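So the structure is just underneath, and the comments pick up after that.
Residue numbers (the UniProt record's numbering): 1 to 602.
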């Protein structure tokens, strides 16, 4: 794979379209029909009809006027609502982790060599971004293939920072000058600044890292890193105190290329750390007595390199999308195949690290990794079904089997086909999905024939495919409703639509999902976004799938391992539904021979 190109980035991408008020309200009703009670849906239908006649057209005209003045109206309203106004702590709740396949470090020098190569590659990748020599991304989605994608979020990778605020966080603008450059290294909760020159070499970085690793014992330094795990308003107050007493240290963290977390090995076990334990180490650091103090979550990129080979990246999500970070990580792994130090001493008068809060949050995370190896994307393709649609419907079936209802589901959809595009939501809890899962699960529907159940499944597939298409085309209802709501708020206009319990349920994502495709076996994960919900990231490979399921032990109604194992059954159940036919002569179901996926899709 060539990393760079002299072809300039395509910049004249279109702005996102603005859906009509009618289409958005229709899709809003479709989005809540399967997740709210019948009486609530009927009430909401009347509220929507009133909104369409009265406040809606006025707000729509104002949104249209604002959209005509901006490069991307959707990102303008989406970013503060999704991240910058989100008051929850970054780890578990907002940041995502990306776990490399476990590395083999026989000695500490192996760990240092790997780390030094990664830092050099980061500098090279930054150069490709700054010079725009990085090859442009193009859409791989079956419904939008070969569309050029916006590259602007790559420019937020390095030297960027999310500063906490009491009401809203701030994304700090990058410095214009690239050098002098530095990284901040955290080892055994001690912070170091390492300056990088233009001609920085692997040897220079490795020498500095060896000095740090060999000289750092478990210090009495304050648990400063764990402060970044606080709720944002609380951290904002402590942040200002730290910045007043340690202006140079805070500036180094805000402006450095990235934060490097040199972790000690996890506590030893007979069989070594499980995949789930590796994921937990990146998700939250496993507590203040292990690695939670070895982090600084405000930084866009935290590169974690553990002595036991547990390596990866923790990304502050407001700056960029996971798929762009995966490109950086995969390019590094491909590249991997083919000196002095300055400690930072903190002054922390009046600031107390939230040890017990962090401990409770870490202990509450229920994380389970499912490696499903019965089949991968080739089977859905052989059935002329999008692999993502197949998995989303299997997730709906799983949720219904476990909880006997459907809930609002979030699946991140990239809008990078548009100038400055970020994301919208591919909804999956549809009426069609609801009818199908009830046909599969409810005793009252066992009179339905196999053919009827298959027909309901195909209807659910068709609906989910349609939603996928219009969402990546910028026509989903979520961002549009958000723009209408924020416009009403600025006008101090109270709209029943946005105060209705159905709208609250529309945004209550008890199942938050994301597909992060990669060919390097990188595991991606994040926490559930509501207290009684699940997070479920997944990668669909040719012949297997990987799921990372999270929830909270404090929620009595959820269980990550039970959900994941139920999902395993659902995937096989859907395959059987697709491949079983009815013998007309005997009226008995028989298994059909699956078609070859690669042949079916040539």
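Think of the CB as a built atom: it goes at the ideal place given N, C-alpha and C, for glycine as much as any other residue.
Just so it is clear, the structure is predicted and the values come from calculations on it, not from any experiment.
Nearest-angstrom beta carbon gap, residue j and residue i [assumed within contact, 8 Å]
{"i": "residue 432", "j": "residue 460", "result": "4 Å"}
{"i": "residue 479", "j": "residue 74", "result": "4 Å"}
{"i": "residue 14", "j": "residue 419", "result": "7 Å"}
{"i": "residue 564", "j": "residue 368", "result": "5 Å"}
{"i": "residue 523", "j": "residue 495", "result": "Wrong, their Cβ atoms sit about 42 Å apart, outside the cutoff."}
{"i": "residue 243", "j": "residue 169", "result": "About 14 Å; that fails the 8 Å criterion."}
{"i": "residue 328", "j": "residue 125", "result": "6 Å"}
{"i": "residue 24", "j": "residue 481", "result": "6 Å"}
{"i": "residue 580", "j": "residue 448", "result": "The pair is not a contact, with the Cβ atoms about 14 Å apart (cut-off 8 Å)."}
{"i": "residue 113", "j": "residue 206", "result": "6 Å"}
{"i": "residue 398", "j": "residue 567", "result": "4 Å"}
{"i": "residue 534", "j": "residue 546", "result": "Incorrect: roughly 16 Å between the Cβ atoms, too far for contact."}
Rounded separation between residue i and residue j - CA only
{"i": "residue 428", "j": "residue 222", "result": "46 Å"}
{"i": "residue 553", "j": "residue 279", "result": "17 Å"}
{"i": "residue 210", "j": "residue 163", "result": "31 Å"}
{"i": "residue 598", "j": "residue 544", "result": "Bear in mind that the predicted position of residue 598 carries a pLDDT of just 32, short of 50, making it too unreliable to give a figure here."}
{"i": "residue 467", "j": "residue 476", "result": "8 Å"}
{"i": "residue 266", "j": "residue 273", "result": "7 Å"}
{"i": "residue 690", "j": "residue 558", "result": "Because the chain spans 1 through 602 in this model, residue 690 falls outside it and cannot be assessed."}
{"i": "residue 299", "j": "residue 314", "result": "9 Å"}
{"i": "residue 287", "j": "residue 362", "result": "6 Å"}
{"i": "residue 453", "j": "residue 578", "result": "10 Å"}
{"i": "residue 250", "j": "residue 258", "result": "13 Å"}
{"i": "residue 11", "j": "residue 159", "result": "23 Å"}
{"i": "residue 373", "j": "residue 541", "result": "10 Å"}
{"i": "residue 365", "j": "residue 550", "result": "7 Å"}
{"i": "residue 116", "j": "residue 321", "result": "25 Å"}
{"i": "residue 281", "j": "residue 306", "result": "10 Å"}
{"i": "residue 405", "j": "residue 386", "result": "24 Å"}
{"i": "residue 8", "j": "residue 132", "result": "7 Å"}
{"i": "residue 438", "j": "residue 360", "result": "38 Å"}
{"i": "residue 388", "j": "residue 571", "result": "12 Å"}
{"i": "residue 127", "j": "residue 261", "result": "23 Å"}
{"i": "residue 556", "j": "residue 32", "result": "25 Å"}
{"i": "residue 626", "j": "residue 187", "result": "Absent from the model: residue 626. The displayed extent of the chain is 1 to 602, so no value can be given."}
{"i": "residue 507", "j": "residue 410", "result": "9 Å"}
{"i": "residue 473", "j": "residue 138", "result": "15 Å"}
Contact under 8 Å by Cβ, residue i with residue j
{"i": "residue 512", "j": "residue 529", "result": "yes"}
{"i": "residue 284", "j": "residue 87", "result": "no"}
{"i": "residue 129", "j": "residue 154", "result": "yes"}
{"i": "residue 617", "j": "residue 317", "result": "Given a span of 1 to 602 for the chain in the structure shown, any question on residue 617 remains unanswerable."}
{"i": "residue 34", "j": "residue 434", "result": "yes"}
{"i": "residue 134", "j": "residue 416", "result": "no"}
{"i": "residue 156", "j": "residue 319", "result": "yes"}
{"i": "residue 487", "j": "residue 184", "result": "no"}
{"i": "residue 172", "j": "residue 182", "result": "no"}
{"i": "residue 575", "j": "residue 379", "result": "yes"}
{"i": "residue 30", "j": "residue 430", "result": "yes"}
{"i": "residue 289", "j": "residue 263", "result": "no"}
Coarse secondary structure for residue i, derived from DSSP in three states
{"i": "residue 82", "result": "helix"}
{"i": "residue 498", "result": "helix"}
{"i": "residue 447", "result": "coil"}
{"i": "residue 514", "result": "strand"}
{"i": "residue 103", "result": "coil"}
{"i": "residue 578", "result": "helix"}
{"i": "residue 288", "result": "coil"}
{"i": "residue 366", "result": "strand"}
{"i": "residue 524", "result": "strand"}
{"i": "residue 206", "result": "helix"}
{"i": "residue 538", "result": "strand"}
{"i": "residue 314", "result": "strand"}
{"i": "residue 168", "result": "coil"}
{"i": "residue 263", "result": "strand"}
{"i": "residue 272", "result": "coil"}
{"i": "residue 519", "result": "coil"}
{"i": "residue 371", "result": "strand"}
{"i": "residue 150", "result": "coil"}
{"i": "residue 223", "result": "coil"}
{"i": "residue 394", "result": "helix"}
{"i": "residue 187", "result": "strand"}
{"i": "residue 424", "result": "strand"}
{"i": "residue 399", "result": "helix"}
Taking 8 Å as the cut-off, does the stretch 288-297 touch the stretch 73-86 (at least 3 CB pairs, one atom from each stretch)? no
For the structure I just gave you, are there three or more beta carbon pairs, one from the stretch 111-121 and one from the stretch 195-214, closer than 8 Å? yes
Would you call the stretch 388-395 in contact with the stretch 36-48, where contact means no fewer than 3 C-beta pairs closer than 8 Å? no
Counting Cβ pairs, one atom from each stretch, are 3 or more of them under 8 Å apart for the stretch 56-64 and the stretch 514-522? no
Should the stretch 224-240 be regarded as contacting the stretch 97-106, the criterion being three or more beta carbon pairs within less than 8 Å? no
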